[in-house]
Amino acid sequence: MPLVKLYGNLRKLARSANGTGGGDRRIAHGLNISGDTVQAIIEGLCASSPELCAALLDQGVLRPYIRVIINGRDIELAQGLATPLDPQDQVDIFPPIAGGSLAGQTTAP
Amino acid sequence: MSGDSDHYGWAGKILDIDLTTGAIKSLPLDETLARLFLGGRGLGTRFLWDEVGPQVDPLSPANVLIFAAGPLTATGYQTSNRFSVSTKSPLTGTVLDANSGGYWGMQFKKSGYDALIVRGRAEQPVYIEIKPSSEVAVPQVSIRDASTLWGMRVRAVTEKLGQNDNRRNVLCIGPAGENLSRIAAIMNDGQRSLARGGPGAVMGSKNLKAIVVEGKYRPEIQDQELFKFMLYETRKLLRASPLTSQALPEFGTSVVMNLVNNIGALPTRNYQQSQFEGAEAISGEALTDTYLVKNASCWACPIGCTRISKTEKVEGEGPEFETTWAFGAQCGNDDLAAIIEANYLCNDLGMDTISAGSTIACAMELAEKGYLDADLRFGRADLFAQTLEDMAYRRGLGDDLADGSLRLATRYGAPELSMSVKGLEMPAYDPRGMQGQGLLYATSNRGACHMRGNMLGLEVLGLPKLIDRFQVQGKSSYVILHQNTSAMIDSLVICKFTNMGVAEEYFARVLSAVTGIKYATGDLIRVGERVYNLERLYNLREGFSAEDDTLPPRLLNEAVAEGPSKGWVSKLEPMLKEYYRARGWDEQGVPRPQKLAELELHGFSYPKELVP
Chain H
525 MPLVKLYGNL RKLARSANGT GGGDRRIAHG LNISGDTVQA IIEGLCASSP ELCAALLDQG
585 VLRPYIRVII NGRDIELAQG LATPLDPQDQ VDIFPPIAGG SLAGQTTAP
Chain W
122 MSGDSDHYGW AGKILDIDLT TGAIKSLPLD ETLARLFLGG RGLGTRFLWD EVGPQVDPLS
182 PANVLIFAAG PLTATGYQTS NRFSVSTKSP LTGTVLDANS GGYWGMQFKK SGYDALIVRG
242 RAEQPVYIEI KPSSEVAVPQ VSIRDASTLW GMRVRAVTEK LGQNDNRRNV LCIGPAGENL
302 SRIAAIMNDG QRSLARGGPG AVMGSKNLKA IVVEGKYRPE IQDQELFKFM LYETRKLLRA
362 SPLTSQALPE FGTSVVMNLV NNIGALPTRN YQQSQFEGAE AISGEALTDT YLVKNASCWA
422 CPIGCTRISK TEKVEGEGPE FETTWAFGAQ CGNDDLAAII EANYLCNDLG MDTISAGSTI
482 ACAMELAEKG YLDADLRFGR ADLFAQTLED MAYRRGLGDD LADGSLRLAT RYGAPELSMS
542 VKGLEMPAYD PRGMQGQGLL YATSNRGACH MRGNMLGLEV LGLPKLIDRF QVQGKSSYVI
602 LHQNTSAMID SLVICKFTNM GVAEEYFARV LSAVTGIKYA TGDLIRVGER VYNLERLYNL
662 REGFSAEDDT LPPRLLNEAV AEGPSKGWVS KLEPMLKEYY RARGWDEQGV PRPQKLAELE
722 LHGFSYPKEL VP
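Residue numbers (my numbering), protein chains in the order written: chain H, 525 to 633; chain W, 122 to 733.
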């Protein structure tokens, strides 16, 4: 099964979903979730927590700024939610995050 | 522009202090310069052009320190707390500006000046005090004895001089600046820093320990109604953006650690690898789970990205992402407490955390490869504290490390192991995994820098859209836009994080409301381009050339061995050619006369043959 890792506040939502509060280090180390596409993985997460689902999706579409990375490559540069997965893949899901200097974000060519 | 009610935004005055003669002058701010360069970095660069030529040693009395606020500073607009210092860098020899947040910049502007030029050298240690007098328009300025303050660390001297966030603010150097470390920072409000490029050493060379400011002046705002509306709109936008309302407050800047690592762009062990196995342990999530005490914010900032962290030994501001990386992945260290303590120590000694951490990493590689006889090894976080103390006081090997990685690596026979551009240590993004970032580092006027634009948004975070981080063709236009926009924001002066939620158009509208001068968005970006080109001309006048627009050979020749960036080197050369063309510069990276004319920089042509 692909290894799914959550980051930022998505971790807190997953921890509250499985009743472990802030102490479950497995969330940081990753969860094995079955699925052969990113869509299937997201659906698996949604089944575990409506709050987590709401943080990830808006009417079935990934929310703005959510990044899904498969083995270091962003799914936006692959097939989006339809991107196929192998069992040994690592899926990283990031909430909106920011850092560094991001000037120019609104008028980039 | 005099601060009278018929002048707006700018205070209209420059304070000029000669520490050699003790002369203190108040000069009018030229209205045309203010319109063209705004303030902060822009105005500082423009003054530096006239003040400090190629014959000047950065640590001589002929160099100047130009502290500058901007037209928005202290107006109460969101994040209008920032200010900058401009000087010739003792680390790189390039034009330098460094900027900082906190409270000091706001308080300085409220003293009734737009800029302070400090020149010469005092015979004995001194500090400058600027206080209101009975007549608000004429502050009381004095040069005072600092012989009992010399030798004190940053926190102690800040407290001694009466730091009070909203009333009286202290800017100072620590032992690193006094001992002329070329990576010394100037610190303000105790824990904020004007860090990069060694401005603290310039201050130390002038025997200037501190500048204390108190102010009563309030900048006049030409269109109060529009200004209030812009405040309201900006507040709404910052609240609506998940970046400024959630990501930064909740996890701070280090929340990008795992993402940058997972894509294979986190420089590790002096850029020998691009992924760090200990990234999770030093991430923003880990900091929040372990050592975070609370958040804090600068004056007039609703974002509040500052971390207050506490270990068994220390409690203080930070660490930011770049610092965490410099003493973390770059040194092969996953002990977050050791990073927090190194950050605390750098702040107290007055040293740039990026350059300090990266210089130690360089020493670690030199030692591991036999160039240097020392105990330093990757992962030896237990040696951070002693090494930093030795650097600040120039003891033993610390004396060599105190001047940055390039001088260190050159001295020990391996300059290629300095991970720097133009002598300034590179920040926390590996250009082999983010091609545009490499172009940005190579062409940054103060040396490698992530605050002169940053491709993290476009190449990794998808802000405002995702472009392939390995793509080479077409990257230059993005890099140029980011560089120009950064220079503009640094001239207003506000925090770049506002730009995550607020478009440049809003900055133009608020600047128009404050000053009464009509600025369109394009006018503002043009200010940034003007500043960038003038900085370029300054460096050319100093003898820098296209040959200096490069990266360490490791990044150009050694492909990443493992991970998502495996097989990649930086493909700088084609990007650089495209960049020069898009900038309107010739093949040697010299701005063409028509570009200078377009930017109203006719008189600044250099070399001489460029004069039309």
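Ideal Cβ positions, reconstructed from N, Cα and C, are used throughout, including at glycine.
Please read all numbers here as calculations on a predicted model, not as lab measurements.
From the DSSP output, in three-state form, read off A535 (chain W) for me.
To locate residue 535 (chain W), count along the second sequence from 1; it is residue 414. The three-state secondary structure of A535 (chain W), taken from DSSP, is coil.
Chain H within 8 angstroms of I384 (chain W), Cβ atoms only:
Indexing the second sequence from 1 puts residue 384 (chain W) at position 263. With 8 angstroms as the cut-off, I384 (chain W) counts as an interface residue toward chain H.
Classify Y353 (chain W) as buried or exposed, calling it buried when 16 or more other Cβ atoms lie within 10 Å of its own Cβ.
If you number the second sequence from 1, residue 353 (chain W) lands on position 232. Exposed, by the Cβ-count rule.
Taking only three categories from DSSP, how would you classify E730 (chain W)?
Here residue 730 (chain W) refers to the residue found at position 609 of the second sequence. In this prediction, E730 (chain W) has a pLDDT of 44, which is less than 50 and means its spatial position is unreliable; what the coordinates show is noted afterwards. Residue state, collapsed to three classes: helix.
Please confirm if L601 (chain H) has its CB atom under 8 angstroms from at least one CB of chain W.
Here residue 601 (chain H) corresponds to residue number 77 of the first sequence, with the count starting at 1. The beta carbon of L601 (chain H) falls within 8 angstroms of a beta carbon belonging to chain W, placing the residue at that interface.
Go ahead and pull the three-state DSSP assignment for S314 (chain W).
Looking up residue 314 (chain W) in the second sequence gives position 193. In this structure, S314 (chain W) counts as strand in the three-state DSSP scheme.
Would you give the residue range spanned by the beta strand (DSSP E) that V528 (chain H) belongs to?
Position 4 of the first sequence, counted from the start, is the residue given in the question as residue 528 (chain H). Per DSSP, V528 (chain H) belongs to the beta strand (DSSP E) from 527-530.
If you draw a straight line from the alpha carbon of A386 (chain W) to that of P674 (chain W), how long is it in whole angstroms?
Residue numbering aside, residue 386 (chain W) sits at position 265 when the second sequence is read from its first letter. Residue numbering aside, residue 674 (chain W) sits at position 553 when the second sequence is read from its first letter. Each residue's Cα considered, the two are about 17 angstroms apart.
Examine chain H for any beta-carbon lying closer than 8 angstroms to the beta-carbon of G684 (chain W), and answer yes or no.
Counted from its first residue, the second sequence places residue 684 (chain W) at position 563. Interface annotation, G684 (chain W): in contact with chain H, CB-CB separation under 8 angstroms.
Check whether the Cβ of P552 (chain W) lies closer than 8 angstroms to any Cβ atom in chain H.
The residue you call residue 552 (chain W) lines up with position 431 of the second sequence. Not an interface residue.
So what does DSSP say about L645 (chain W), is it helix, strand or coil?
In the second sequence, the residue the question calls residue 645 (chain W) occupies position 524. Here L645 (chain W) sits in helix by DSSP.
Is the beta carbon of G568 (chain W) closer than 8 angstroms to that of T215 (chain W)?
Here residue 215 (chain W) refers to the residue found at position 94 of the second sequence. Here residue 568 (chain W) refers to the residue found at position 447 of the second sequence. Yes, these two residues count as a Cβ contact at 8 angstroms.
On the three-state DSSP scale, how would you describe I593 (chain H)?
Taking the first sequence and counting its residues from 1, the one referred to as residue 593 (chain H) is at position 69. Three-state DSSP puts I593 (chain H) in a strand.
Could you tell me which chain H residues have their CB closer than 7 angstroms to the CB of N379 (chain W), listed as they occur along the chain?
Start at 1 with the first residue of the second sequence, and residue 379 (chain W) comes out as number 258. Within 7 angstroms of the CB of N379 (chain W), the CB atoms of chain H belong to Y531, in sequence order along the chain.
Exposed unless 16 or more other CB atoms sit within 10 angstroms - verdict on V732 (chain W)
The residue given as residue 732 (chain W) occupies position 611 in the second sequence. Residue confidence for V732 (chain W) is low, a pLDDT of 35 falling below 50, so the modelled location carries little weight; the figure read from the coordinates is stated next. Exposed, by the Cβ-count rule.
List, in chain order, every chain H residue whose beta-carbon is nearer than 7 angstroms to that of P363 (chain W).
Taking the second sequence and counting its residues from 1, one reaches residue 363 (chain W) at position 242. Those within 7 angstroms of P363 (chain W) in chain H are Y589, P620.
When you compare each of W:G453, W:I145, W:V414, W:L364 to Y392 (chain W) by their alpha carbons, which one comes out closest?
One-based indexing of the second sequence puts residue 392 (chain W) at position 271. Among W:G453, W:I145, W:V414, W:L364, the Cα nearest to that of Y392 (chain W) belongs to W:G453.
Any beta-carbon of chain W closer than 8 angstroms to the one on G554 (chain H)?
Here residue 554 (chain H) refers to the residue found at position 30 of the first sequence. False, the Cβ-Cβ gap to chain W never drops below 8 angstroms.
Taking the straight line between their C-alpha atoms, what separation do you get for F591 (chain W) and D344 (chain W)?
Taking the second sequence and counting its residues from 1, the one referred to as residue 591 (chain W) is at position 470. Taking the second sequence and counting its residues from 1, the one referred to as residue 344 (chain W) is at position 223. If you draw a straight line from the Cα of F591 (chain W) to the Cα of D344 (chain W), it comes to about 46 angstroms.
Indicate whether the contact test is met: 3 or more Cβ pairs, each with one atom in the stretch 590-604 of chain W and one in the stretch 632-640 of chain W, closer than 8 angstroms.
no
Can you find the residues in the same chain that come closer than 7 angstroms, C-beta to C-beta, to L722 (chain W), ignoring five residues on each side of it along the sequence?
Position 601 of the second sequence, counted from the first residue, corresponds to residue 722 (chain W). Beyond the five residues adjoining it in sequence on each side, L722 (chain W) comes within less than 7 angstroms, by CB distance, of R651, N654, L655 in the same chain, given in chain order.
Check each candidate in W:C426, W:A477, W:I475, W:G399 and name the one with the smallest Cα separation from D456 (chain W).
As a working mapping, residue 456 (chain W) is identified with position 335 in the second sequence. The candidate whose alpha carbon is nearest that of D456 (chain W) is W:G399.
I think S395 (chain W) touches V681 (chain W), with their Cβ atoms under 8 angstroms apart; what is that distance to the nearest whole Å?
As a working note, residue 395 (chain W) is residue 274 in the second sequence. As a working note, residue 681 (chain W) is residue 560 in the second sequence. The pair is a contact, with the Cβ atoms about 5 angstroms apart (cut-off 8 angstroms).
Please report how far the alpha carbon of S526 (chain W) lies from the alpha carbon of G336 (chain W), in whole angstroms.
Residue mapping note: residue 526 (chain W) aligns to position 405 of the second sequence, counting from 1. Residue mapping note: residue 336 (chain W) aligns to position 215 of the second sequence, counting from 1. Each residue's alpha carbon lies about 40 angstroms from the other.
Once DSSP output is grouped into helix, strand and coil, what is the label at W446 (chain W)?
Position 325 of the second sequence, counted from the first residue, corresponds to residue 446 (chain W). Collapsing the DSSP output to three states places W446 (chain W) in a helix.
Proximity below 8 angstroms, CB of I384 (chain W) to CB of G596 (chain H)
Residue numbering aside, residue 384 (chain W) sits at position 263 when the second sequence is read from its first letter. Residue numbering aside, residue 596 (chain H) sits at position 72 when the first sequence is read from its first letter. Cβ atoms of I384 (chain W) and G596 (chain H): closer than 8 angstroms.
Which of helix, strand or coil does DSSP assign to T213 (chain W)?
Locating residue 213 (chain W) in the second sequence gives position 92, counting from the first residue. Per DSSP, reduced to three states, the secondary structure at T213 (chain W) is coil, with no helix or strand assignment.
Candidates W:R553, W:D589, W:D178: closest to L676 (chain W) by CA position
Along the second sequence, one-based indexing puts residue 676 (chain W) at 555. Here the closest residue by C-alpha is W:R553.
Between the Cα of K536 (chain H) and those of W:T409, W:G578, W:V435, spot the shortest distance and give me the residue it belongs to.
Here residue 536 (chain H) refers to the residue found at position 12 of the first sequence. Checking every option, the nearest Cα to that of K536 (chain H) belongs to W:T409.
Is any beta-carbon of chain W found at less than 8 angstroms from that of G596 (chain H)?
What you label residue 596 (chain H) is simply residue 72 of the first sequence in a count that begins at 1. So, interface residue.
Leaving out five residues before and five after E401 (chain W) in sequence, what residues of the same chain have Cβ atoms less than 7 angstroms from its Cβ?
Locating residue 401 (chain W) in the second sequence gives position 280, where the first residue counts as 1. Only N379, A407 meet the Cβ criterion.
Please give the ranges of any alpha helix (DSSP H) in the stretch 523-605 of chain W, keeping only runs that are unbroken, at least 4 residues long and fully inside the region.
526-532, 556-564
Distance, Cα to Cα, D496 (chain W) vs I481 (chain W)?
Locating residue 496 (chain W) in the second sequence gives position 375, where the first residue counts as 1. Locating residue 481 (chain W) in the second sequence gives position 360, where the first residue counts as 1. Looking at the two C-alpha atoms, the distance is approximately 12 angstroms.
Counting pairs of Cβ atoms below 8 angstroms between the stretch 591-608 of chain H and the stretch 682-701 of chain W, do you hit three or more?
yes
Please classify V323 (chain W) as buried or exposed, where buried requires at least 16 other C-beta atoms within 10 Å of its C-beta.
Start at 1 with the first residue of the second sequence, and residue 323 (chain W) comes out as number 202. Result: buried.
With 16 other CB atoms within 10 Å as the buried threshold, where does N678 (chain W) fall?
Numbered from 1 along the second sequence, position 557 holds the residue referred to as residue 678 (chain W). Exposed is the call here.
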